[in-house]
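Everything below concerns the one structure shown next.
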Amino acid sequence: MSLEFVHEALPMRVVFRAGAATTAVAGETERLGLRRVLVLSGRHGEDTARSVAASLGAVCAGVHPGAVMHVPVKVADEAVSVAQGLDADGLVAVGGGSAVGLGKAVALRTGLPLLAVPTTYSGSEMTPMWGLTEDGVKRTGRDRRVLPRSVVYDPELTLSMPPALSGTSGVNALAHAVEALYAPDATPVVSLMAEEGVRALAEALPRVVADPGGLDARGRALYGAWLCGACLGATTMGLHHKLAHVLGGAFDLPHSATHTVLLPYVLAFNAPAAPEATAALRRALATEDPARALWELGGRLGAPRSLAEVGLPADGIGRVVELVGAASYANPRPADADELRALLTKAYEGAPPAG
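Heads up: the sequence shown begins at -5 in the working numbering, then just goes up one per residue.
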């Protein structure tokens, strides 16, 4: 069969080197002609954000450490007010998916250009996707206004990430690549990036957890996360991401840990309908059973193995089935209510996945 595809490259600049957080961000803001930048972060990442802010000198108009998980609308409203009050002409988000997500929410509302300085492997910085949570429901969308103009990757910033978070954040990134491999709009370029991203992360993450101070493994993991995030930005996500967003919005479950638990079960469900994606994962993971390999990887990383462990109440499965069943998403294999309930029950119990 002849190749047919459409590949759209996203307009973004990437700087990747150790030490770049305090040596490259100022140059990136200057490139964009910014004069009054608001630096956004969460409370846990405030010290790092202030170091980046200091490197900006007079260009930094202020630091707002207000980011929290799942970007509640009230939190986004507050950050927009801060940006407008400071007359900011640009945003720098320093942190993981929550900080970048807050930056995107402000960019969506104000049109301000966004730069991202990731400190985890979430991949949000590589996508034009935004998310906001209100009344227990997480809404998501795609808009070019929220795509960072520049992303500065500094492996040194990930050294302070605890081993447990390093592991789940890395598997969160892996999930982007896995779903990209069977996305309806995947292209040969995306598939190559996805396979390499999975390979890099699967090799690096156990080393990161075993030796958190090893910069080489940290850099390799961040490289893999970049590739996986680029896949997320270029394709339509499926059942796995829909489940993760519903669980996060409805039950406030930890984002990366939820991804880590779900991924093996969703892959086991989808594998029969996605033979090319499964073949790519077999190559990347050097295994005949990618779903089992990802479940075992979670164990090696010391990550939660079940939805019960991350806080889903036993009577919550029905609510998840209801919310996911009412949503639209692309997936290689349709899932009815009974199949969703069976998948979630397996993930709740944490037993090894089976197709």
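For glycine and all other residues, C-beta sits at the position ideal for the given N, C-alpha and C.
Between the C-alpha atoms of A87 and M63, what's the straight-line distance to the nearest angstrom?
14 Å
* Assign R11 to one of three DSSP states: helix, strand, or coil. => coil
Quiz item: Are R327 and A267 touching if we call contact CB-CB under 8 Å?
Solution: yes
For the candidate residues D330, H58 and R29, whose alpha-carbon lies nearest to that of D41? H58
Range of the contiguous alpha helix (DSSP H) that encloses A274:
A274 -> alpha helix (DSSP H) spans P269 to L279.
- Taking one C-beta from the stretch 181 to 197 and one from the stretch 158 to 172 each time, how about it: are there three or more such pairs within less than 8 Å? yes
Exercise for the section: Kindly indicate the opening and closing residues of the beta strand (DSSP E) around T134. Expected result: For T134, the uninterrupted beta strand (DSSP E) segment begins and ends at V131 to R136.
>> For G135 and S116, which I take to be in contact (beta-carbon distance under 8 Å), what is that distance rounded to the nearest angstrom?
In response: Taking C-beta atoms under 8 Å as the contact rule, G135 and S116 fail to qualify, at a distance of about 18 Å.
#### Entry: Extent of the continuous beta strand (DSSP E) run through M123
M123 to E128 is the span of the beta strand (DSSP E), which, as asked, contains M123.
Task: Per-residue burial, A280 [other beta carbons within 10 Å of its own, 16 or more giving buried] - done: Residue burial is scored here from C-beta neighbours: A280 has fewer than 16 other C-beta atoms within 10 angstroms and is therefore classed as exposed.
Using CA coordinates, which residue listed in P66, A48 and A14 is at the minimum distance from S144? Taking S144 as reference, the option from P66, A48 and A14 with the minimal CA-CA separation is A14.
Legend entry - Cβ shell of V76 (< 6 Å), same chain only, five flanking positions each side left out: H58
Taking just the CA atoms, how far does L141 sit from T104?
-> 13 Å
(request) Answer with yes or no whether the minimum CB distance from V19 to chain B is below 8 Å. (result) The displayed structure is made up of one protein chain only, and chain B is not part of it.
Collapsed DSSP secondary structure at S35 in the structure displayed: strand
- Query: Using a Cβ-Cβ cut-off of 7 Å (strictly less than) and excluding sequence neighbours within five positions of H170, which residues of its own chain qualify?
  - Reply: For H170, where only same-chain residues beyond five positions count, the Cβ hits under 7 Å are G117, C222, G223, C225 and L226.
Please report how far the alpha carbon of A287 lies from the alpha carbon of V31, in whole angstroms.
When rounded, the distance between both Cα atoms is 44 Å.
Please confirm whether S160 and V94 have their CB atoms less than 8 Å apart. no
- Query: Between M120 and V74, what straight-line distance do the alpha-carbon atoms span, to the nearest angstrom?
  - Reply: 22 Å
Look at the alpha carbon of W396 and the alpha carbon of V67, and state the distance between them as a whole number of angstroms. The chain is shown only over -5 to 349; residue 396 falls outside these bounds and no answer can be derived.
Locate the beta strand (DSSP E) running through V140, then write down its first and last residues.
-> Where V140 is concerned, there is no enclosing beta strand (DSSP E), given that its DSSP letter is neither H nor E.
The alpha helix (DSSP H) spanning V192 covers which residue range? P182 to A204
Beta-carbon gap between G232 and A177 smaller than 8 Å: Yes; because the gap between Cβ atoms is below 8 Å, this pair is in contact.
Alpha helix (DSSP H) runs wholly inside the stretch 303 to 333, at least 4 long, in chain order: 311 to 319
| What span of residues does the beta strand (DSSP E) with A61 cover, start to end? | Its beta strand (DSSP E) spans residues C54 to A61.
Check your understanding: How would you call E22, buried or exposed, if buried means at least 16 neighbouring beta carbons within 10 angstroms?
Key -> buried
inquiry  = For G97 and A285, what's the separation of their Cα atoms in angstroms?
reply    = 34 Å
message: Using the Cβ count rule (16 or more neighbours within 10 Å means buried), how would you classify D137?
response: exposed
Practice task
With distances taken Cα to Cα, identify the nearest neighbour of M155 among P346, D179, L175 and T114.
Solution key: Cα-wise, what sits closest to M155 is T114.
ask   = Any idea what DSSP makes of V255, helix, strand or coil?
value = Three-state result, V255: helix.
Inset, instruction - Could you work out which residue in W220, R201 and T230 is closest to R294 when comparing CA atoms only? - result: R201
- Inspect the CB distances between the stretch 250 to 269 and the stretch 327 to 338 and report whether three or more fall short of 8 Å. yes
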